[in-house]
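Asker:
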Amino acid sequence: MVSDLDGLRDEFPVLAAKAYLNAGTQGPVPRRSVEAAARELEAELSTGRGTAAHFEAIFALVERLRTAVAPLLGCEAGEVALTRSTTDGINVVLGALELGPGDEVLTSDEEHPGLLAPLAAARARRGFALRAVPFVRLAEEVRGDTALVACSHVSWVSGQIVESAALAAAAHAAGARFLLDGAQGLGALAFDVQALGCDFYAAAGQKWLCGPDGSGYLYVREDLCADLIPSWPSFVSLAETDRPSELALKPGAARFDLGVTARSQAAAALAALETLAEAGWDGVLERGPALAAELAAHLCERGARVVPRGPSTLVAWESGDPADEVERLADDGFVVRELPGGRLVRASVGAWSSEDELLRLTALVAPG
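Counting from 1, one number per residue, gives the positions in the sequence shown under the UniProt record's numbering.
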């Protein structure tokens with residue numbers, strides 16, 4: 001259970017005006033994140049950004065972020081890199097792997113452009129084969145020439161959850177690496193990357209973690225880090241900055257950090273994590289999926305055609321005119337979204353949502 005639902009909701013001012021059901025795109029912003037960012041910007045304004053103290057403050061915030069995110073992934077802090085988005089993490093992995101002609105990359109038919117565009121660009125550069133199969137059949141489609149399996153942990157379309165353990169076993173048996181797009185997983189579901197069996201897990205900070213735009217995280221399995229060279233190394237990738245030409249990289253996933261994180265951004269991301277941690281992560285990660293299941297059941301009872309889904313925080317239903325329905329619901333104070341190409345509307349249900357909001361939404365959705 002969330003320790004104090006009213007207190008959690010009070011942390012998000014938008015909830016006083018709207019039923020915010022679109023964290024699958026962008027999470028609501030906590031008040032304390034804005035306050036934390038403002039404090040750091042004020043410090044920069046008054047003391048400047050060129051002092052040793054300024055950089056010490058940034059690096060301390062970065063390490064606190066790593067430490068705060070690692071338990072949500074079920075890994076060590078040293079296995080977490082800081083990126084700017086899920087897609088950045090995907091690009092980091094594709095840049096570090098030696099894929100080429102004769103290799104196959106296996107993906108699914110329910111992937112976001114944030115995964116598919118990097119895969120297509122890497123294919124154009126490297127010459128490997130790219131094959132998409134139904135999301136629910138990924139494990140049985142792994143072949144001997146599969147060098148990488150790259151797919152969503154949670155489908156952004158249906159909310160189904162990949163059978164990760166079986167897929168990991170199939171991938172590793174074929175000698176392939178396994179990359180999960182965790183945009184709809186981290187901060188939404190309780191999981192452990194060890195149990196998932198993935199080698200890499202790329203995730204966003206601005207969705208279910210309610211962090212600022214331009215924040216993201218990448219898990220890289222510890223035993224793989226030493227053999228992977230980042231394609232975009234920077235000052236913060238180096239263990240020995242006085243010998244950059246020798247490329248003495250930091251141990252662990254920190255070598256994949258994408259440059260120096262802005263001080264205000266790191267503070268805002270950390271404040272958002274602390275907001276959710278105070279509510280109780282166990283309750284947060286339990287309440288969101290439970291409420292989403294309630295919404296799906298209510299919609300089915302009303303006669304809406306709910307897309308088959310898994311125990312995630314996403315609920316999508318068919319709509320005759322999704323753009324019109326999203327606009328109509330917005331007029332009634334509900335923030336949901338249209339999904340492209342499938343005549344679907346999707347609600348993303350967070351721990352901060354209320355049962356009353358879901359009942360009111362159900363009453364407004366047109367029956368199928």
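Beta carbons: idealized from backbone N, C-alpha and C, even for Gly.
1) Alpha carbon to alpha carbon, how far is G197 from S231? Give it in angstroms, no decimals.
2) Provide the residue span of the alpha helix (DSSP H) that contains A271, from first to last.
3) Alpha carbon to alpha carbon, how far is F128 from T107?
4) Helix, strand or coil, according to DSSP, for E240 in the structure here?
5) Taking 8 Å as the threshold, find out whether the region 48–68 comes into contact with the region 249–267 through three or more Cβ pairs.
6) Beta-carbon separation of Q160 and R337 under 8 Å?
7) Taking the continuous beta strand (DSSP E) assigned at G7, which residues delimit it?
8) According to the neighbour-count rule (16 or more other Cβ atoms, all chains shown, within 10 Å of its Cβ), is F334 buried or exposed?
9) Check each candidate in A124, I90 and P113 and name the one with the smallest Cα separation from P101.
10) State yes or no: is the C-beta of D88 within less than 8 Å of the C-beta of L258?
11) What residue range is occupied by the uninterrupted alpha helix (DSSP H) comprising E40?
12) Spatial neighbours of P289 within its chain, please: C-beta separation below 7 Å, excluding the five flanking residues on both sides.
13) Is it right to say S3 is buried, meaning 16 or more other beta carbons lie within 10 angstroms of its own, or is it exposed?
14) With a threshold of 8 Å, are at least 3 pairs of Cβ atoms found where one atom belongs to the region 179–188 and the other to the region 75–93?
15) Considering only residues of the same chain and omitting the five flanking positions on each side of P28, which have a CB-CB separation below 8 Å?
16) With G216 and T83 assumed to form a contact (beta carbons below 8 Å), what rounded beta-carbon distance in angstroms separates them?
17) Figure out for me which residue from Q26, A304 and A330 has the closest Cα to the Cα of S319.
18) Measuring straight from C-alpha to C-alpha, what distance separates A57 and A121?
19) Figure out for me which residue from G252, A202 and D242 has the closest Cα to the Cα of C225.
20) Go ahead and pull the three-state DSSP assignment for S215.
21) Alpha carbons only, please: which of I229, R287 and A363 is nearest the one belonging to R302?
22) Could you check the C-alpha separation between H153 and T47 for me, to the nearest Å?
23) Helix, strand or coil, according to DSSP, for A176 in the structure here?
24) Do L130 and residue 381 have their beta-carbon atoms positioned less than 8 Å apart in this structure?
25) Using a beta-carbon distance below 8 Å, is P30 in contact with chain C?
26) In three-state DSSP terms, what is I229?
27) For the alpha helix (DSSP H) that V193 lies in, which residues bound it at each end?
Answerer: Quick answer:
1) Cα atoms of S231 and G197: separation of roughly 24 Å, rounded to the nearest angstrom.
2) Unbroken alpha helix (DSSP H) run through A271: R263 to A279.
3) Put simply, the backbone Cα of F128 is about 13 Å away from that of T107.
4) The three-state secondary structure of E240, taken from DSSP, is coil.
5) Flag = yes, the region 48–68 and the region 249–267 touch.
6) No.
7) Looking at the DSSP string, G7 is not in any beta strand (DSSP E); the run it does join, the alpha helix (DSSP H), is L5 to D10.
8) Flag for F334 reads buried.
9) Of the candidates A124, I90 and P113, the one whose C-alpha sits nearest the C-alpha of P101 is A124.
10) Yes. Within cutoff.
11) First-last of the alpha helix (DSSP H) with E40: R31 to T47.
12) L189, P311, S312 and T313.
13) It is exposed - the Cβ of S3 has fewer than 16 other Cβ atoms within 10 Å.
14) Three or more beta-carbon pairs drawn from the region 179–188 and the region 75–93 are found closer than 8 Å, and the two stretches are therefore classed as touching.
15) Here P28 has F12, V14, L15, Y20, C210, G350 and W352 as same chain residues with Cβ atoms under 8 Å from its own Cβ, once five neighbours each way along the sequence are excluded.
16) About 4 Å; that satisfies the 8 Å criterion.
17) The shortest Cα separation from S319 among Q26, A304 and A330 belongs to A304.
18) One alpha carbon belongs to A57, the other to A121, and they sit about 36 Å apart.
19) The candidate whose alpha carbon is nearest that of C225 is G252.
20) Reduced to three states, the DSSP call for S215 is coil.
21) Comparing Cα-Cα distances from R302 to each of I229, R287 and A363, the minimum goes to A363.
22) The alpha-carbon atoms of H153 and T47 are separated by roughly 43 Å.
23) If DSSP states are grouped into helix, strand and coil, A176 belongs with coil.
24) For the chain, the structure presents residues 1 to 368; residue 381 sits outside this window and is missing.
25) No chain C is part of this structure, which consists of one protein chain only.
26) For I229, the secondary structure class from DSSP, reduced to helix, strand or coil, is coil.
27) Per DSSP, the unbroken alpha helix (DSSP H) holding V193 starts and ends at V193 to L196.
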